[in-house]
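Novice:
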Amino acid sequence: MMTKNDYLEVLFTKDEIDKKVSELSKIISKDYKDKNLVCIGVLNGAYAFYSDLVRCLDIPAEVDFIRAKSYVGETSAGNVDIHLDMKNSIKGKDVLVVEDILDTGRTLSEIKKKLLEQNPNSVKFAVFLDKPSRRIKGFEADYKCFEIDDLFVVGYGLDFDEQYRNLPFVAVYKG
54 MMTKNDYLEV
64 LFTKDEIDKK
74 VSELSKIISK
84 DYKDKNLVCI
94 GVLNGAYAFY
104 SDLVRCLDIP
114 AEVDFIRAKS
124 YVGETSAGNV
134 DIHLDMKNSI
144 KGKDVLVVED
154 ILDTGRTLSE
164 IKKKLLEQNP
174 NSVKFAVFLD
184 KPSRRIKGFE
194 ADYKCFEIDD
204 LFVVGYGLDF
214 DEQYRNLPFV
224 AVYKG
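Here our numbering is used: the sequence shown runs in plain steps of one and ends on residue 228.
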């Protein structure tokens, strides 16, 4: 719940987000045409991006989810907690992991390592936001919607202590 002391500066509007997600879905649909695609959403943060992206795809795709957490408040915690609680096997399939934000690269590097243990045909990553200035791992996403500076942002699935995920836009949080 927003309080009177919270200050949010809109960075990307709902219309800008919708346009970018639609454009990205067309590229992904083309790249995965005639492949056995499994889209894996990283909960909780990617739920909005994942839902919109998967619904825009014009190719068949299995859907599944995993959980990962590395943020506490406004800071990337350094340790990564990952739960691969997928319902289906990914062996021999082309996996697209859909994540809200690529920051240091730790979380996605760990996710990739764990998924590769299950022998998929390929593992690629689509991120909603990319913060290259924060990278400490040499990890890069295969697909991204927006690149941003080192800002703390909320909305469209991104949170501050589990708040603001439901906003239809992305804003810089200046609590």
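Idealized CB from N, CA, C, for every residue including glycine.
Whose C-beta lies closer than 7 Å to the C-beta of M54 among residues of the same chain, with five residues either side of it excluded?
Specialist: Here residue 54 corresponds to residue number 1 of the sequence shown, with the count starting at 1. Model confidence at M54 stands at a pLDDT of 48, short of 50, so the residue's coordinates are unreliable and nothing is read from them.
Novice: Does the separation of the CB atoms of L137 and K167 fall below 9 Å?
Specialist: As a position in the sequence shown, residue 137 is number 84, starting the count at 1. As a position in the sequence shown, residue 167 is number 114, starting the count at 1. Cβ distance < 9 Å, so L137 and K167 count as in contact.
Novice: Taking only three categories from DSSP, how would you classify S104?
Specialist: Residue numbering aside, residue 104 sits at position 51 when the sequence shown is read from its first letter. Three-state DSSP puts S104 in a helix.
Novice: Using 8 Å as the threshold, is the stretch 155 to 175 in touch with the stretch 183 to 192, meaning 3 or more CB pairs across them?
Specialist: yes
Novice: Ordered along the chain, which non-local residues of its own chain (more than five positions away) have a Cβ less than 8 Å from that of M139?
Specialist: As a working note, residue 139 is residue 86 in the sequence shown. I93, D117, F118, I119.
Novice: Look up R218 in the DSSP assignment and say whether it is helix, strand or coil.
Specialist: On the sequence shown, position 165 is the one that residue 218 refers to. For R218, the three-state secondary structure derived from DSSP is coil.
Novice: Thinking I143 and P113 are a contact (beta carbons under 8 Å), I'd like their distance in whole angstroms, please.
Specialist: Start at 1 with the first residue of the sequence shown, and residue 143 comes out as number 90. Start at 1 with the first residue of the sequence shown, and residue 113 comes out as number 60. The beta-carbon distance between I143 and P113, rounded to whole angstroms, is 15 Å. This is too long to meet the 8 Å contact definition.
Novice: Does Y196 have its Cβ less than 9 Å from a Cβ in chain D?
Specialist: Among the protein chains of the structure shown there is no chain D, as only one such chain exists.
Novice: Please name the residue, chosen from K122, V176, T157, that lies closest to D147 on a Cα-to-Cα basis.
Specialist: The residue you call residue 147 lines up with position 94 of the sequence shown. Looking at K122, V176, T157, the one whose alpha-carbon comes closest to that of D147 is V176.
Novice: For E170, does the three-state DSSP call read helix, strand or coil?
Specialist: The count along the sequence shown starts at 1 and reaches residue 170 at position 117. It is coil, neither helix nor strand.
Novice: Helix or strand or just coil, what does DSSP make of D212?
Specialist: For the purposes of this step, residue 212 is taken as residue 159 along the sequence shown, with counting starting at 1. If DSSP states are grouped into helix, strand and coil, D212 belongs with coil.
Novice: Is E163 helix, strand or coil when you go by DSSP?
Specialist: For the purposes of this step, residue 163 is taken as the residue at position 110 of the sequence shown. Here E163 sits in helix by DSSP.
Novice: Among residues of its own chain, excluding the 5 on either side of K57, which ones have a beta-carbon nearer than 7 Å to its beta-carbon?
Specialist: Taking the first residue of the sequence shown as 1, we reach residue 57 at position 4. Interpretation of K57 is limited by its pLDDT of 48, a score under 50 that renders its predicted location unreliable; no figure is taken from the coordinates.
Novice: Could you name the residues of the same chain whose beta carbon sits closer than 6 Å to that of S75, not counting the 5 residues immediately before and after it, in chain order?
Specialist: Stepping through the sequence shown from its first residue, residue 75 is reached at position 22. These residues qualify, in order along the chain: C109.
Novice: Rounded to whole angstroms, what's the CA-CA distance from A121 to N132? Just pull it up for me.
Specialist: Here residue 121 refers to the residue found at position 68 of the sequence shown. Here residue 132 refers to the residue found at position 79 of the sequence shown. Distance between the alpha carbons of A121 and N132: 10 Å.
Novice: Determine the burial state of N160: buried for a count of at least 16 other Cβ atoms within 10 Å of its Cβ, exposed for fewer.
Specialist: Position 107 of the sequence shown, counted from the first residue, corresponds to residue 160. Residue 160 is actually Thr in this sequence, not Asn. It counts as buried.
Novice: Report the residue from V151, P185, T157, D84 whose alpha carbon sits nearest the alpha carbon of G98.
Specialist: Along the sequence shown, read from residue 1 onward, the residue named residue 98 stands at position 45. Taking only the C-alpha atoms, the option nearest G98 is V151.
Novice: Please classify S186: does DSSP put it in a helix, a strand, or coil?
Specialist: Against the sequence shown, residue 186 aligns to sequence position 133. In this structure, S186 counts as helix in the three-state DSSP scheme.
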